[in-house]
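Asker:
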Amino acid sequence: MTFENRLLNVSVEESTLPSPIRILLGGTQTPSVEIQANSVQDFRIILETTLKSSNRSQSQTSHQITLKITDSKNKNYQLKKTIPFRIPISIQN
1 MTFENRLLNV SVEESTLPSP IRILLGGTQT PSVEIQANSV QDFRIILETT LKSSNRSQSQ
61 TSHQITLKIT DSKNKNYQLK KTIPFRIPIS IQN
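Residue numbers (the UniProt record's numbering): 1 to 93.
(1) Would the beta-carbon of ASN5 fall within 7 Å of that of GLN41?
(2) Under the three-state reduction of DSSP, which class applies to THR82: helix, strand or coil?
(3) Give me the DSSP bridge partner(s) of THR66.
(4) Any idea what DSSP makes of THR49, helix, strand or coil?
(5) Among residues of its own chain, excluding the 5 on either side of ARG86, which ones have a beta-carbon nearer than 8 Å to its beta-carbon?
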């Protein structure tokens with residue numbers, strides 16, 4: 001729960017994936033979401049990336065993605081979260 005209005009922006013700070021990552025948040029392609037004060041909201045963050053076929057056999061299967069979440073209305077609010085990412089075997093071959 002938040003006690004003030006927040007405009008949260010999500011960005012990829014660091015990644016071991018060789019290709020770019022696009023963030024889908026709250027059902028939109030905009031990586032930001034507004035949360036009203038005194039409310040609780042759940043959002044699903046979807047990370048979309050593409051792997052080129054030439055990279056599939058050479059790339060590792062486990063990766064790390066570090067997300068940075070900031071509040072546009074409060075510059076002191078910042079959260080970093082490292083997420084493990086594993087490429088399924090069926091995609092690797």
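Cβ atoms here follow ideal geometry from the backbone N, Cα and C, with glycine treated the same way. Computed from a predicted structure; not experimentally measured.
Answerer: In short, the structure shows the following:
(1) Cβ atoms of ASN5 and GLN41: not closer than 7 Å.
(2) strand
(3) GLU14 and THR82
(4) strand
(5) THR61, SER62 and HIS63
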